[in-house]
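Okay, structure first, notes after.
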Amino acid sequence: MLSSWSKPAPGYIKINIDAASFKDINKYDVSVCIRDDQSNFISAKSLHHEGTPEPREAEAIDLLHGLLWAKRATTS
1 MLSSWSKPAP GYIKINIDAA SFKDINKYDV SVCIRDDQSN FISAKSLHHE
51 GTPEPREAEA IDLLHGLLWA KRATTS
């Protein structure tokens, strides 16, 4: 599936998230990327965790980390 980035409304940021699970090594990674309404890069990060949650659970964890981190990244 090919997807493309669409910019947010003027004055807003966009947070893209992704999660990947590696059951054979009992780990999962979550990634977050923040861009502004002009597609300018603000910040990105990846987190590595122990365990192998279900995909929706990993994405929910990623979303929580992304929202908390974006709040800190855009208010400091």
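FYI, UniProt numbering numbers position 65 of the sequence shown as 65, with every residue one higher than the one before it.
For every residue, glycine included, the Cβ atom is placed at its ideal position computed from N, Cα and C.
What you are looking at is a predicted structure, and each value in this text was computed from that prediction instead of being measured.
Beta-bridge pairing by DSSP links residue 48 to 29.
Excluding its 5 nearest sequence neighbours in each direction, residue 56 has no C-beta neighbour in its own chain below 6 Å. Per DSSP, reduced to three states, the secondary structure at residue 37 is coil, with no helix or strand assignment.
Under the three-state reduction of DSSP, residue 73 is assigned to helix. Inclusion of residue 49 and residue 27 in the CB contact set at 8 Å is warranted, their separation being smaller than that value. According to the DSSP assignment, residue 24 belongs to no beta strand (DSSP E), since it is labelled neither H nor E.
The C-beta distance from residue 42 to residue 53 rounds to 27 Å, too long to meet the 8 Å contact threshold.
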